[in-house]
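Colleague: My questions will all concern the structure given below.
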Amino acid sequence: MSEPRGKATAGPRHRRRRTALTVGIPLALTAAMTTTYGTGLGVFGEGAQQTASAATNAGSAISATTAAAPAWAADTADGFASVNSLGQNGTYGGRGGQTVTVKTLADLEKYATAEEPYVIVVAAAITMNPVGKEIKVRSDKTIVGQGTSGQIVGGGFFLGTGVHNVIIRNLTIRDSYQGVWNDKDHDFDAVQMDGAHHVWIDHNDLRHMADGLIDVRKDSTNVTVSWNRFSDNNKTFGIGWTENLVTDITIHHNWFRETEQRNPSTDNAAHAHLYNNYLQDDPGTTIKSSYGNYSRGSTKMVLENSYFQGMNNPVTKDATAAVVQRGNTFSGTSGRNESGGTAFDPKSFYGYTLDRTADVPALLTAGTGPRTTIGTATTPSTKAAAATLTVAKDGSGQFATVQAAVDAVPANNPSRVVISVKPGTYREMVKVPANKPHVTIQGAGASRKDTVIVFNNAAGTAKPGGGTYGTSGSATVAVEADDFQARNLTINNDFDEARNQSLSGHQAVALRTAADQVLLDGIIVDGDQDTLLLDTAAKDRLGRVYVTNSYVSGNVDFVFGRATAVIDQSVITLKKRWDGTSAGYITAPSTTADRKGILINRSVVNGDVSAGSFFLGRNWHAGGDATLRPQTTVRNSTLSAAVKSTPWSDMGGFSWKNDRFAEYRNTGPGSGAATSDRPQLTDSQATGQEVADWLGTWNPTA
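For the sequence shown, numbering that gives the first Met the number 0 begins at 0 and goes up steadily by one.
Right, here's the structure in full:
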């Protein structure tokens, strides 16, 4: 920000914690209010998210509502779930039934266990009570997450004998883990089937459960599992537990990472068709694969165009099973890689199209898991058309720097270009100019911490050609092109204020956006003063930014600018200043009067700082412009004790009370009741200050 606002300097680096058995923020985060970075792709700290969503649940005036069926409710399964058998013609879930939106456990269970068909839209994180609870889903149901907000925490779903025509889609199901890695006492699965048929499990994020992520047991059949992420688990995906050769299952376009065994294990399956899956075991992680795809009993398995990276014993079979392999790639694998016997021709049951094996890692890291919007079963495959440029410090990619890859994007490119950046620390400044739209910069590691873009310029840093960089010019990554995306990486400005006290201008931006339709999903943006500058290309230009499942840290005005910006389901971490003191401001909007400003929604504010030391924001009238109407709304979020009881502050001689600052249904020790110094939205006002009001016609998608 060009206007000086007092000096702020870097406090201690974040404490980062990772145990051998835990990925992401543990459930104790809320009480401890510690600063920890999650490691899952695209999903922010687990405990923090549970807390933020609890606030949402508590604030819901109506917990279950009806709505017209969305377009994806008409989607039908592919693979074996599409095959007519057992009196069921394909798998279409609750299509034709009523569509309901749920935000509470009571409502989810009510509709999932009902006799009638339903399309059940899960619009919040729902915590199972007791832990390990598995809702007994009945036939003819579609259970689908709304955007990326639908989550099942601490339990899952059970499909019993005869249950059929069920779709479970676009959900995050997580965290029933009970502290024992090889847990034999807690059968807490994400999805368990005992004798069910015609089931489609698609585009979910499944992780960190006490037992299986998926168990297909006891003659369950006509099952398709597609486009899911499996991570942070021991006994991941088991199929069988029967003496009968009944199970027909298709498993395609799934990403397995940091999973030890059963990836999957297939026992006595009549027909198991696995294709275009990505099994990844990265070096240096604490969870090691014991084996990948396992065919046993009398299973007949066809394994096609899958990519195995670093896996131990990638394909194994016992003497009675069959595995037919075609077109698979094995990179850095070791141990058993077996095939043999005769299997079957999948195309005698259903049609399908294989993606190229070489495309699988990029295709699945970008396309698996919950989507902001979700199309038909075949929609994700169209992503293969996006051009992919690979960056690697070790020379194994097309480019050694991120900027070199950006420079290679054609001017005015008409379609998506994905810059896949392999794990490493890239010390460089990156600029995406306005004539290069539709660019995605995506970390290729298992964690957003694996790929780091970092530099250390500040506003007062001297430029090689004379002058200084200024606030906006200090950015490590600067985005001026519309329809930009950043995913699964860290962007950092590590300017050392303590060592540069003589320098005038300590503002040091990590990420600057000056564009419209910018999606920041599953990233870390780390700095001190002026970390995240959310701007527009010009004062009269719209600039919408959607930040989700991410972390933003800093101390002074570290989310600022004139963009129309949403920070949703994320963690905002407050840092001490360079001298160890606690004081600062989260937001400094400079919104024009006809635009929306900054919305913080369903998020967590925490940090290792003193109680009552941080403002939620102050009003930045850039250049002394009295026509501006800065706006920040903080709603349905969890605020730590660090937030002041009078959370808004004046700036530059302008009173915040003449601008637009408000809260709505926040929780936590830093929240407070309405006063003249702490305005709260009414319920009717809050209906006009939701995410959709900020984003308008733009619906962020991968």
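For glycine and all other residues, C-beta sits at the position ideal for the given N, C-alpha and C.
Using a Cβ distance threshold of 8 Å, determine whether the segment 239-253 contacts the segment 103-122, with at least three qualifying pairs required.
Modeller: No, the segment 239-253 does not touch the segment 103-122.
Colleague: Quick check: what's the CA-CA separation for T460 versus G469?
Modeller: Their Cα atoms are separated by approximately 8 Å.
Colleague: Could you check where the beta strand (DSSP E) with E108 kicks off and where it finishes?
Modeller: Here E108 belongs to no beta strand (DSSP E); instead the alpha helix (DSSP H) covers L104 to A111.
Colleague: Go ahead and label A105 buried or exposed: buried means 16 or more other beta carbons lie within 10 angstroms of its beta carbon, across all protein chains shown.
Modeller: Exposed: under 16 other Cβ atoms inside 10 Å.
Colleague: Less than 8 Å between the CB atoms is what I'm expecting for N221 and F79, so what's the real figure, rounded?
Modeller: Right, their Cβ atoms sit about 5 Å apart.
Colleague: Who are the near neighbours of R617 in its chain, counting only those whose CB is closer than 6 Å to its CB and skipping five residues on each side?
Modeller: Cβ neighbours of R617 beyond the five flanking positions: Y584, A587, S648 and M650.
Colleague: Go to Q279, then tell me how far its beta strand (DSSP E) extends in each direction, as first and last residue.
Modeller: Looking at the DSSP string, the run of the beta strand (DSSP E) that includes Q279 is Y277 to Q279.
Colleague: At which residues does the beta strand (DSSP E) containing W254 begin and terminate?
Modeller: Taken as a continuous stretch (DSSP letters only), the beta strand (DSSP E) holding W254 covers W254 to Q260.
Colleague: I'd like to know whether the C-beta atoms of S636 and R594 end up nearer to each other than 8 Å.
Modeller: It is not a contact, given that the beta carbons lie outside the stated cut-off.
Colleague: Per DSSP, G560 is paired with what?
Modeller: Per DSSP, P588.
Colleague: Round the Cβ separation of F307 and T328 to the nearest angstrom and send it over; I've been treating them as touching at under 8 Å.
Modeller: Sure, about 7 Å apart at Cβ, within 8 Å.
Colleague: Would the segment 279-298 and the segment 118-131 be scored as touching if the rule is three or more Cβ pairs under 8 Å?
Modeller: Output reads no: the segment 118-131 does not touch the segment 279-298.
Colleague: Please report the straight-line C-alpha distance between D556 and T364, rounded to a whole angstrom.
Modeller: So the alpha carbons of these two residues sit roughly 33 Å apart.
Colleague: Taking just the CA atoms, how far does L488 sit from I172?
Modeller: Rounded to whole angstroms, I172 to L488 spans 23 Å at the Cα level.
Colleague: Secondary structure at A485, three-state DSSP: helix, strand or coil?
Modeller: Strand.
Colleague: Restricting to Cα atoms, I'd like to know which of S81, V565, V152 and D214 is closest to D692.
Modeller: Residue V565 is the option with its Cα nearest to D692.
Colleague: Taking DSSP as the reference, what is the three-state secondary structure of F329?
Modeller: Residue state, collapsed to three classes: strand.
Colleague: If the criterion is Cβ atoms closer than 8 Å, does the pair D188 and E133 meet it?
Modeller: Going by C-beta atoms, D188 is nearer than 8 Å to E133.
Colleague: If you draw a straight line from the alpha carbon of I597 to that of R628, how long is it in whole angstroms?
Modeller: Taking the straight line from one Cα to the other gives about 12 Å.
Colleague: When you compare each of K575, Q568, F653 and N657 to V633 by their alpha carbons, which one comes out closest?
Modeller: Minimum Cα distance to V633 is reached at Q568.
Colleague: Between the segment 402-422 and the segment 445-462, do at least 3 Cβ pairs fall closer than 8 Å?
Modeller: Enough Cβ pairs lie closer than 8 Å, so yes.
Colleague: Identify which residue in F229, K135 and K234 has its Cα closest to the Cα of G194.
Modeller: Nearest C-alpha to G194: K135.
Colleague: Comparing C-alpha positions only, which one of A582, N227, A592 and D624 sits nearest to S609?
Modeller: Residue A582 is the option with its Cα nearest to S609.
Colleague: Please report the distance separating the alpha-carbon of K702 from that of L615.
Modeller: Outside the shown range of the chain (0 to 701) lies residue 702, about which nothing can therefore be said.
Colleague: Tell me the residue span of the beta strand (DSSP E) that contains V390.
Modeller: Unbroken beta strand (DSSP E) run through V390: A386 to V390.
Colleague: Judging by CA-CA distance, which residue of S330, D184 and D529 is the nearest neighbour of S471?
Modeller: Nearest option by C-alpha distance: D529.
Colleague: Under 6 Å Cβ to Cβ from F255, same chain only, skipping five residues before and after it: list those, please.
Modeller: Excluding positions up to five away in sequence, the list reads F229, N262 and L278.
Colleague: Please name the residue, chosen from Q324, F343, K346 and A342, that lies closest to N743 on a Cα-to-Cα basis.
Modeller: With the chain covering only 0 through 701, there is no way to say anything about residue 743.
Colleague: Taking the alpha-carbon positions, what's the A320 to K346 distance?
Modeller: The straight-line gap from Cα to Cα measures roughly 21 Å.
Colleague: Based on the DSSP output, what are the partners of W199 in its beta bridges?
Modeller: Looking at the DSSP assignment, W199 forms a beta bridge with I166 and T223.
Colleague: According to the Cβ coordinates, are S644 and G695 closer than 8 Å?
Modeller: Cβ distance not < 8 Å, so S644 and G695 don't count as in contact.
Colleague: In chain order, what are the residue ranges of uninterrupted beta strand (DSSP E) at least 3 long that sit wholly in the segment 452-537?
Modeller: Fully enclosed beta strand (DSSP E) runs of 3 or longer: 476-478, 484-486, 489-492, 510-513, 517-520, 523-525 and 531-534.
Colleague: Taking buried to mean at least 16 other C-beta atoms within 10 Å of its own C-beta, is P129 buried or exposed?
Modeller: The residue in question, P129, is exposed, as its Cβ has fewer than 16 Cβ neighbours within 10 Å.
Colleague: Short of 7 Å in beta carbon distance, which residues of its chain neighbour E257, apart from the five on each side in sequence? Order them along the chain.
Modeller: These residues qualify, in order along the chain: V22, S230, D231, T284, I286 and A445.
Colleague: Around the C-beta of G366, are 16 or more other C-beta atoms found within 10 angstroms, so that it is buried, or is it exposed?
Modeller: Under this definition G366 is a buried residue.
Colleague: DSSP three-state call for A269: helix, strand or coil?
Modeller: Strand at A269.
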